[in-house]
Structures are given as structure tokens and as C-alpha cells.
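Let me begin by presenting the structure, written as C-alpha cells, before commenting on it.
Numbering (UniProt numbering), first residue to last: 1 to 636.
Here you go:
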């Protein structure tokens, strides 16, 4: 050590202060403490400032760790000697101490933590003027690799938290950016430090942290997938506390500022994170009401895929997602009705006022349809079914808005008819039926999509024989339930008349004919056709007849159903001139069985028997026993 002037410190005091032995440093510290008390009693501020400058600048500039430790001991002694009077010199005391937290020597960092603890313990609330500097130092110490330093930092951290929580003037708004800046740290100790601060502040009754939650929520959710279970637990507990506060008083919550954060995390592959986010969304939808409608597309993007979860570990996620989906459905229904949705939005808007709530309640139909259209291509039956249910409700509740979206949906809806699940096909048909429903009953031309859909359906069936065999009848029957059966048959007959693939036309006529004769859904249409005296029935028969001519047996069945017996005689007489095929014989066999059933019950049982006898006695039927044996194993 040189002979520099360290006045008012003596050379002996400086040497003792910078000694590597703690007791010698402590003895020198006591000397400094007594010196400062004397200066303070004499109001000799210049000497106090000079002493602090010697300790905080001259000695601190040394690279020797022992000298720095001595300087830290000296600054602590100054604060102790001044008592509450140290507040006047707090900046000169705190800054050099905090600077030591960046030293590479762990002993110096530990001594700095101890020194700052002693200074702040004396200054208490006055130290809040330097809170940003202190908090930054604490954040660095929390991630310190040395256990001893970390232990000292924990003591200092608890003291600072006590000072903050007991203060009536703590500037929370200025502190939040500091939290937000550090909340994305990947260091485990740093994360624990941040969560602990959030927890402490939230527990103070006079501090309303919910107002600032949008700035912290994303970082807190990111911690839920931390590898450290303790961090996950801490974060989960704190998020639950926030959610309880939100449910207790939703009027002060900015739901709109947080919902997109939740939507993002609800799509996480990590189960705990996903479940927590969807649970929050569920509460938001329930509490905010119509204010969540503008975010419906994002919410559905997150929850609809969760409906596909079938494994037990993710059962809670699936059930919560289903609840959110149901809540949103109710919101759309009530919002379309008006009053109920507006009320929910007004509560959620809080201080922003009812006018803002009404503006926020607009449902973005285009974005919603985009998500639902994507979901139609999902692998899950439950997800696709939910998307189709949504589309149906939208078409029922918002027909004008949905009309503009039909073109982008149409292809996907038709393609859904090839789905392996009956539930999906049934729902897709319900949506398509809603789209195709003519504004004027019976006027099919008034619907721009009626013929377009049926043409697309026939193209689909023509391109896939398996679909025609397995689902053709099911699709037609469902359509006849959803739409007017007579209109369906008239339109299909008209379209098939223009079809060039005659083999497909014949097959399709056979399908339509079998449905007409046997399906319970077409019972009323069968009754109508039997009453041939009415002009409407004759007009329907005339509309079907040209198309039914592509299948002789189906045509005969139609004539029998309408009691056109004279024409039946002519048809049967011409059958002998037709080419005998397996398909033809199969149709004849089926018709014979139908004639003997109640479907063709006539006034005279004898006439029914006559038709059956005439069909089975034709010359081609007698000579085709081998073909009949083949038909037994042929699927119609």
C-alpha cells in the first residue's frame, strides 16, 4: 500500500481495514463507525463526504479483493455510524456496493451483499429511490453460482421485499417493466426469484397487480413447462391465485389484453401448460361474455383439436375444451339475439365503458370460418363434428354473413361426405342442406347452391364406386330428411338426364328407386305417388319417368307404385328383348320380393299375385337359373 493520503483515515486504519483477516477489518470498521458519529455530531458533512469518497472510490478502485472487502466494511460502518442520517448519503453508499456484485471474486460479492443488507436495513423506505439499481443487483445475485453468495442474496432479497411491502409510496407501475424484462430468463434461480417477487406483491392488499397482469402473463405461462418441478409448482400456485382474483372481481380485468396470450399457450404440446391455458380461457369466456366473440376464431383454433384427445392423461384437457366450445356456442346464440351478449360485454369492459364493449362484441365471421374450414381436414371425428356443428349454427344465426363465406367452404363440405364417420357425414349434410334450402319452397332455382350441390354429389359418387355402394343410399336418405324429398328426386332426375355415363345413371336410378320403395324417410312420397289422380303426382311421375327409363326394372317399379298397370304390361312384355345381365336379374329378383311385400299392396290381393307371377314366368327368367345362382353371391 502506498503512502497516499487517505485522510480522514489513518494509514493504520486503512491497513487494518484491508487486511485479509476479518477481525482486523472489523476492528478498523468500529474505528470508522466512531469517527463518523463524531463527524455527524459536529455536523461535519465535508469530512463525511470525503470519507465516503475514500472508501467508495479510492479503495474500491483497487483490484485486490481484500482492499475491496475493506472498502465494503468501511461503507457499512459509515451507514451504522450515521444511523438514519445515512439517507442523505445513500446514493454514494449504494452505488459502489452494488458495483461489487459484478466482481469475479465470490468473497467480494458476498461481502457486497452483506454490506448492502446493512445499509438498506438502516435506510428502509428511503432506499426505494434506488430500487431499480437494487433490484437489478438482486436479480443478478439470484443466479449466482456460489452457494454462499446466493445465501447472502436471499437474506438481502427478503429485506428488500419487506421494505417494498411496508411502503405506501412504492411505484408499482415503474417496477412492472423491470419484472417483464427479466421474466423470460431461462435460469432456474432467476425464474424462482421473479415468481417469488410476483407472489409477494400480489399478496399485498394495497397493491393491485391484476391491472398489470397482461405484461406478466406470457412469461409466467412459459415457466409452466420448466424442467424444474419446483418452479412449475410455484408458477402454478401463483397463476391460480391470479385466477381466483379475476373471478372475484372481473370488472378490473383487461380480458382482451390477455386472451391472445392464452390462445397461444393453449396450443402447447406440454400438458400442464395447455390445461392451465384452456382453463383460463374457460373462465374468460364465462366472465367476459360477448367481449370474447372477436377472439372466437383463435379460441376455437386452440380448443377444437383438443376434442380429439382420447387418452386418460389428457382427459381434463378434452373436457375443459368441450366446455369452452359449448360456452362460445351459447355466446354466439345470445349475441345474435342481442341483449344478453351486450350485457356480458359491458361487465367485461370495466372502466373502458359500455361503448367499447359493444364495439368489441363483433364476431369475425370470416376468421371463424377460416379456422372451421381447416378443422374439417383434421383427423379427429370429434373435432370435425364440432366444426360442422359450428358452421350449422352460423348459417342458422348469421345467414347473410355466412352466404359470403359459402364459396370457400363448399368444396370442403362436399369432401366431408367421403368421411368414414357417419356423424361427420350427417353433420356435413345438415350444413349443406341449410346452404341449399330454397328461399321460396319449391323454387329450386332461387337457391344458388341447390343444383350445384347435387351435381357435386353425383360427381363424387360417380368417381368412387365404393362410396356409392357404402354411402350413397345413406346420403340420399339424409338429404330427404333435411330437404323436401320430392324436390330432391326431381332435381336428381333432372341432373341425371344430362349425365353421359349411362352405366352410372342406371346404377344411381336403382339406388334412388330402392330408397323410394323401402326407406321410411320417403313414406310420404310413396303415398303421394300412389295417388295418381292428383295433378301434382302426375307431374312428379312425368319428371321422374325419363330418368327412370335408364333402368327398366326401376321404371316398372315406379309404374307399379303409381298404379299404371297398363303400362306395366307393356314394360314386362318388352323385357324379353333386353340383354340379360347379372345386375338386371338381381333387380328383377328384388322387385319380385317387393311386390310380395306390403309396399305394393293393392286393392286386390289377386292382382298383386298376378304381377309377381307374370314377372317370374317370362321366358328369360326360366332360362337363367345359372345366372340366378350367380346373383346369390353378388352384392346389389
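Ideal Cβ placement from N, Cα and C applies to all residues, glycine included. Only a predicted model underlies this, so the values are computations on that prediction, with no experimental measurement involved.
### residue 96 - DSSP class collapsed to helix/strand/coil
helix
### Task
Classify residue 45 as buried or exposed, calling it buried when 16 or more other Cβ atoms lie within 10 Å of its own Cβ.
exposed
### Query
Taking just the CA atoms, how far does residue 488 sit from residue 455?
12 Å
### Message
Cutting at 6 Å between CB atoms, please list the residues of its own chain near residue 391, excluding the five before and the five after it.
### Response
372, 431
### Query
Rounded to a whole number of angstroms, what is the C-alpha to C-alpha distance between residue 436 and residue 176?
55 Å
### Query
Is the beta carbon of residue 159 less than 8 Å from the beta carbon of residue 117?
yes
### Query
Going along the chain, which residues of its own chain have a beta-carbon closer than 8 Å to the beta-carbon of residue 281, five neighbours each way excluded?
259, 262, 263, 266, 299, 302, 303, 324
### Nearest to residue 309 (by Cα), restricted to the options 334, 383, 427, 287
383
#### Entry: Under 8 Å between C-beta atoms of residue 69 and residue 30
no
### Query
DSSP on residue 498, reduced to helix/strand/coil?
coil
### Task
Figure out for me which residue from 389, 374, 388, 394 has the closest Cα to the Cα of residue 364.
394
#### Entry: Nearest candidate by alpha-carbon position, reference residue 597, set 575, 561, 585, 442
561
### Query
Going straight from the alpha carbon of residue 231 to that of residue 71, what length do you get?
37 Å
### Message
Between the alpha carbons of residue 507 and residue 551, how many angstroms are there, rounded?
### Response
8 Å
### Query
Hey, quick one: how far does the alpha helix (DSSP H) through residue 567 stretch, first residue to last?
565-575
### Task
Give a yes or no on contact between the stretch 84-101 and the stretch 110-127, applying the rule of three or more CB pairs nearer than 8 Å.
yes
### Query
Less than 8 Å separating the beta-carbons of residue 200 and residue 169?
no
### Task
Assign residue 503 to buried or exposed, taking buried as 16 or more other Cβ atoms, counted over all protein chains shown, within 10 Å of its Cβ.
exposed
### Message
Less than 7 Å between C-beta atoms, sequence neighbours within five positions excluded: which residues of the same chain meet that for residue 79?
### Response
86, 93, 118, 119, 122
### Task
Evaluate residue 315 with the Cβ neighbour count: other Cβ atoms within 10 Å of its Cβ, from every protein chain shown; 16 or more gives buried, anything less gives exposed.
exposed
#### Entry: Exposed unless 16 or more other CB atoms sit within 10 angstroms - verdict on residue 565
exposed
#### Entry: Range of the contiguous alpha helix (DSSP H) that encloses residue 191
188-202
### Query
Buried or exposed: where does residue 513 fall if 16 or more other Cβ atoms within 10 Å of its Cβ makes it buried?
buried
### Query
DSSP three-state call for residue 640: helix, strand or coil?
The structure shown does not extend to residue 640, since the chain spans only 1 to 636, so no value can be given for it.
### Query
Between the C-alpha atoms of residue 445 and residue 212, what's the straight-line distance to the nearest angstrom?
58 Å
### Task
Output the distance between the C-alpha atoms of residue 442 and residue 500, rounded to the nearest integer angstrom.
27 Å
### Task
Could you say which of 540, 195, 17, 426 lies nearest to residue 494 if we only look at CA atoms?
540
### Query
Going by alpha carbons, who is nearest to residue 419 out of 385, 479, 440, 403?
385
### Task
Give a yes or no on whether the C-beta atoms belonging to residue 438 and residue 450 are separated by under 8 Å.
yes
### Message
Which complete alpha helix (DSSP H) runs does the stretch 491-558 hold, if anything under 4 residues is left out?
### Response
502-518, 523-530, 535-548
### residue 152 and residue 203 closer than 8 Å at C-beta
no
### Message
So, at 6 Å on beta carbons, what are the nonlocal neighbours of residue 472 in its own chain, with the 5 sequence-adjacent residues on each side left out?
### Response
461, 511
### Task
Determine the direct distance from the alpha carbon of residue 305 to that of residue 639, and round the result to whole angstroms.
Residue 639 lies beyond the range of the chain shown here (1 to 636); nothing can be said about it.
### Query
Any contact of the stretch 269-289 with the stretch 225-244, i.e. 3+ C-beta pairs under 8 Å?
yes
### Counted within 10 angstroms of its Cβ, other Cβ atoms place residue 312 as buried (16 or more) or exposed
exposed
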